[in-house]
Amino acid sequence: RFDESAVASRKGSLAPSPPPSVKGIGKKVAKPDYSEQKIVVAMVGLPARGKSYLSNKLMIYLRWLEYDVKVFNVGQLRRTKARQRAQQLGIKENHTADFFSHSNEKATQSRDSLAEESLEMLIRWLKEGGGNVGIHDATNSTKSRRAKIEARLAKEKGMTLIFLESLCDDPATIAANVELKVSQGDPDYKDMSPDDARKDFLRRISEYEKVYETITEPHLSYLRIKNVGEEVTMSRINGYLSSRIAFYLMNLHIRPRSIFFSRHGESQYNVEGKIGGDSLLSPRGMQYAKALPALITDNIGEKPLTVWTSTLKRTIQTAQYLPYTKLTWKSLDELDAGVCDGMTYEEIEQAYPDDSANRDEDKFNYRYRGGESYRDVVVRMEPVIMELERQENILIIGHQAILRCLYAYFHHLPQADLPYIKIPLHTVIKLTPKAYGCDEERYTLPINAVDTHRPKPKAAKAPEVHSTTQRKYYVEEDNEMKPSV
Ligand code: ATP
Ligand code: F6P
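Using UniProt numbering, the letters of the sequence shown map in sequence onto residues 64 to 548.
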């Protein structure tokens, strides 16, 4: 049964009466100034230990929080150079395990200099390109290689160096990672059969194993993740951003799971075209609440699931028939529209014409008087994201603006598009995180509801999402596209 006493009233926190509309009060919130933050994260690990995966996850997370982050992948640099050389000399590119043998002196030199070149690009980008976090995605698997990185960064002022080691001795995880490499058409193996590719890649791993040295240097700052978080070692990690990076990485897991998003059923305010508030569901919204359990149960089967709602009545009411553990999060409450709470968009336009125009001009940054902007909501969502990364199957019954922010994180969508993402009522969005992106399915129940999506004025297109899509993210580096997480 829906328990009204469990619902906190938000009205008290709102500004008492609307201030006059003042031209120029954009309520536009500037991007935080992170220019002093300069961190180098140097990856450490054998091939197929998830270094690129972790690099890209970290990049997506920190970019979502508006840090300037870039991954410098030494493998991509190697391929670009090899391609150029092969074209110049009219020879075939060679990426076989011979190139990774430490008894092959010429190749070892060449690999060292590629790693150095990539580090130089990273440092230049931090210094001149305004970057905050540069991720050096290489194996950095020996003490001497790490000492070189350390010595080079000691010449730079104000740069913090953290090593991130991924250790894994779980045969199943390694085998799955190798298979992924072979089956996803890794560019190193584009001209090889899957069988030859597998053999060669295993040989490459064993070449690295011969000289691999786990981090034991006591003076280094490092985070070591063993078997995807089974054991985590942290040494000399200080400072806000470094600790945050470490905390995020130690919460990641790769167990298969699904994340479901649904807005609450249609509310009375939705029917009246009003925003915000704490109204109950409309009769059609109630129908949705009743139909939801069958859809979810059909989908998830016997697997455990936890339902998260906001503290607002419409989400708690929508979740009421779901036979799963439920948690209520204040952080999941809808974007606070401040003095505009409870008004229709037309009323807002009349009462605050300039604000309305400012919002249309830059919806992500616009902050309602006495309320929030989308940017504020993104910051508010950080603990939710962290917990989502830790958890397995989760269904969030949320609100339009909140789900847009969470959805943008999982699909790595740009800020400008975020406030226009289509999250319709009476629709369940199922996200399944994969190594290279996130699969998506949408299920719309045949229960009519109003459309609360306001398109971007003057035509700008909302990002298209099809009923079943597989989105893959790509990191562009040196003319080559590498699948990332
Ligand atoms: P290479 O050095 O050959 O480029 P890599 O270490 O960068 O290899 P990835 O390409 O990132 O390896 O491997 C991707 C796979 O790693 C994904 O299938 C992902 O599920 C898995 N993975 C993610 N995190 C970890 C981890 N901490 N340990 C082991 N595997 C992981
Ligand atoms: O209209 C429903 C709603 O959840 C409002 O409560 C909220 O203010 C709005 O959507 C957020 O959407 P937009 O940012 O497009 O106004």
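Note that beta-carbon positions come from the ideal geometry of N, C-alpha and C, so glycine has one too. Keep in mind that this is a model prediction, so the values were computed, not measured.
Under the rule that 16 or more other beta-carbon atoms within 10 Å means buried, what is residue i, buried or exposed?
| i | result |
| --- | --- |
| H158 | buried |
| T372 | buried |
| G500 | buried |
| M544 | Because the pLDDT of M544 is 32, which lies under 50, any placement of that residue in the model is unreliable, and the question is left without a value. |
| P83 | Residue confidence is low: P83 scores 37 on pLDDT, short of 50, so the model does not pin down where it sits. Its coordinate-derived value is still stated next. Exposed is the call here. |
| Y311 | buried |
| A201 | buried |
| D96 | exposed |
| L152 | exposed |
| K155 | exposed |
| H474 | buried |
| P477 | exposed |
| D341 | buried |
| N301 | exposed |
| D514 | exposed |
| P482 | buried |
| K366 | exposed |
| Y384 | exposed |
| P446 | exposed |
| P496 | buried |
| A357 | exposed |
Using C-beta distances below 6 Å, list every residue in its chain close to residue i, excluding the 5 sequence neighbours before and after it, in chain order.
| i | result |
| --- | --- |
| Y252 | A260 |
| Y431 | A400, G401, C403 |
| L177 | V137, L140, R141 |
With hydrogens ignored, establish whether the beta-carbon of residue i is closer than 7 Å to any heavy atom of the ligand F6P.
| i | result |
| --- | --- |
| P487 | no |
| Y482 | Looking at the sequence itself, residue 482 is Pro, so the reference to Tyr does not match. The answer is yes for P482. |
| D462 | Strictly speaking, residue 462 in this sequence is His, with Asp absent from that position. Yes. |
| I338 | yes |
| Q397 | Looking at the sequence shown, residue 397 is not Gln but Glu. Yes - the ligand F6P has a heavy atom lying nearer than 7 Å to the Cβ of E397. |
| A471 | no |
| A400 | yes |
| T515 | yes |
| N333 | yes |
Relative to the C-alpha of residue i, which residue among the options is closest?
| i | options | result |
| --- | --- | --- |
| V241 | N290, G328, A111, A149 | A111 |
| residue 594 | A170, I448, A354 | Limits of the chain in this structure are 64 at one end and 548 at the other, which puts residue 594 out of reach. |
| D131 | G192, N203, Y116, Q413 | G192 |
| I123 | I448, N511, P257, G405 | I448 |
| E99 | R146, T223, T171, T205 | T223 |
| K206 | S246, N421, L189, P281 | P281 |
| E213 | R307, V245, V104 | V104 |
| L390 | K244, A145, D399, L375 | L375 |
| C468 | R287, I288, Y116, F324 | F324 |
| Y116 | L315, N195, H489, N511 | L315 |
| A309 | I268, R320, T296, N333 | T296 |
| R148 | E445, S173, P234 | S173 |
| L343 | A382, R320, R307 | A382 |
| L488 | I268, H327, Q413, E270 | H327 |
| A498 | L125, I465, N421, Q247 | Q247 |
The ligand ATP heavy atoms versus the CB of residue i: any closer than 7 Å?
| i | result |
| --- | --- |
| I317 | yes |
| G113 | yes |
| S229 | yes |
| I288 | yes |
| T202 | yes |
| P416 | no |
| P250 | no |
| residue 7 | Absent from the structure is residue 7, since the part of the chain shown begins at 64 and ends at 548. |
| N314 | no |
| G311 | According to the sequence shown, residue 311 is Tyr rather than Gly. Every heavy atom of the ligand ATP is 7 Å or more from the Cβ of Y311, so no. |
| T236 | yes |
| L385 | no |
| G138 | yes |
| L265 | no |
Consider the C-beta atom of residue i and the heavy atoms of the ligand FMN; say whether any pair is separated by less than 7 Å.
| i | result |
| --- | --- |
| G328 | For the structure depicted, the ligand FMN is absent and the ligand set comprises only the ligand ATP and the ligand F6P. |
Going along the chain, which residues of its own chain have a beta-carbon closer than 7 Å to the beta-carbon of residue i, five neighbours each way excluded?
| i | result |
| --- | --- |
| L451 | I322, I457 |
| I186 | E219 |
| L304 | Q100, I102 |
| N511 | R347 |
Spatial neighbours of residue i within its chain, please: C-beta separation below 8 Å, excluding the five flanking residues on both sides.
| i | result |
| --- | --- |
| R209 | A105, V107, N203, F226, I278, E280, L283 |
| A161 | According to the sequence provided, residue 161 is Asp. The question's Ala does not apply to it. Correct list, in chain order: N167, A170. |
| N290 | L230, C231, D232, D233, T236 |
| G221 | E99, K101 |
| S306 | I300 |
* Asked: Whole alpha helix (DSSP H) runs in the segment 377-430 with 4 or more residues, listed along the chain?
  -> Runs of the alpha helix (DSSP H) lying entirely within the segment 377-430 and spanning at least 4 residues, in chain order: 408-414, 416-424.
* Every unbroken alpha helix (DSSP H) inside the segment 152-228 [4 residues or more] -> The qualifying runs are 168-191, 206-217.
* Give, in chain order, every unbroken run of the alpha helix (DSSP H) that is at least 4 residues long and sits entirely within the segment 288-371. => Whole alpha helix (DSSP H) segments, 4+ residues: 303-314, 331-335, 346-363.
* Which runs of the beta strand (DSSP E), 3 residues or longer, sit entirely within the segment 472-521? -> Taking only runs of at least 3 residues, the beta strand (DSSP E) segments lying wholly in the segment 472-521 are 490-497, 500-507.
* Asked: Which full runs of the alpha helix (DSSP H) of 4+ residues lie inside the segment 104-145, going along the chain?
  -> With a minimum length of 4 residues, the continuous alpha helix (DSSP H) runs that stay inside the segment 104-145 are 114-127.
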